[in-house]
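Okay, so here's the structure we're looking at.
Residue numbers (the numbering used here), protein chains in the order written: chain P, 1 to 113; chain H, 1001 to 1110.
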């Protein structure tokens, strides 16, 4: 099975712009979670989607949003970018809920200038 | 609120020496604990989970509910063990919110 894929892999934006990142989960996986990874804060949970519904959300401002499509692919959007949004954004998928293992994608490296 | 603490940012050990990566957690329910590893230029991957009680690449971790700890141990470190290690806790309720520790960089000195 192909692993979790994320596009684009690298992105450079300027302050005030918005950005959309995409995640394709492993085939058959219905749960997708997003994380922000920075040197200072480490890995922080953004949100999780399951069957097109947001099930949980971390402590991020409303500028961060996401959605999941019927094929389980997910997108996250960040509006009005700030310098502090520069990070590696990771997506992870799992079969469903409960004790299922999360499989991580390679991440999208976002740089905000 | 759930919280995971990894007190060491960097742990340096010599090859062949024992390794213990510390992880303490705060959670009101029955937690699911994991260790993830990220080798250089590779994606984050699951190393082991407490419910499996297995040994992966020589690593073991025991959940100590009394001390709220889930330390990762290996009796003899290898150079290829050098990586970032993250302890994580998952909400065992209806939602899958996962909280990660800040990570410990393990450096095995040849």
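In this text, a Cβ means the ideal position worked out from N, Cα and C, and glycines have one as well.
Compute the distance between the beta-carbons of residue 1087 of chain H and residue 1100 of chain H, then report whether it is under 9 Å. Residue mapping note: residue 1087 of chain H aligns to position 87 of the second chain, counting from 1. Residue mapping note: residue 1100 of chain H aligns to position 100 of the second chain, counting from 1. Cβ atoms of residue 1087 of chain H and residue 1100 of chain H: closer than 9 Å.
Any 3 or more C-beta pairs closer than 8 Å across the stretch 1023–1039 of chain H and the stretch 1065–1076 of chain H: yes
Taking the runs of the beta strand (DSSP E) that are 3 residues or longer, which of them lie wholly in the stretch 57–108 of chain P? 64–68, 74–78 and 87–94
In the stretch 1058–1079 of chain H, which residues sit with their C-beta less than 7 Å from some C-beta in chain B, listed in chain order? In the structure shown, chain B cannot be found, because the protein chains are P and H.
Limits of the unbroken beta strand (DSSP E) element including residue 1076 of chain H: Within the second chain, residue 1076 of chain H is the residue found at index 76, counting from 1. That residue, residue 1076 of chain H, is in no beta strand (DSSP E); it is neither H nor E in DSSP.
Less than 9 Å between CB atoms is the rule here; does residue 66 of chain P satisfy it with respect to chain H? By one-based count along the first chain, residue 66 of chain P stands at place 66. Not one chain H Cβ lies under 9 Å of residue 66 of chain P.
Using CA coordinates, which residue listed in P:18, P:47, P:5 and P:11 is at the minimum distance from residue 1097 of chain H? Here residue 1097 of chain H refers to the residue found at position 97 of the second chain. Closest by alpha carbon: P:47.
Locate the beta strand (DSSP E) running through residue 45 of chain P, then write down its first and last residues. Translated into the one-based positions of the first chain, residue 45 of chain P becomes position 45. Where residue 45 of chain P is concerned, the enclosing beta strand (DSSP E) stretches over 42–50.
Extent of the continuous beta strand (DSSP E) to which residue 1026 of chain H belongs: Reading the second chain from its first residue, position 26 is the one you call residue 1026 of chain H. That run of the beta strand (DSSP E) goes 1024–1026.
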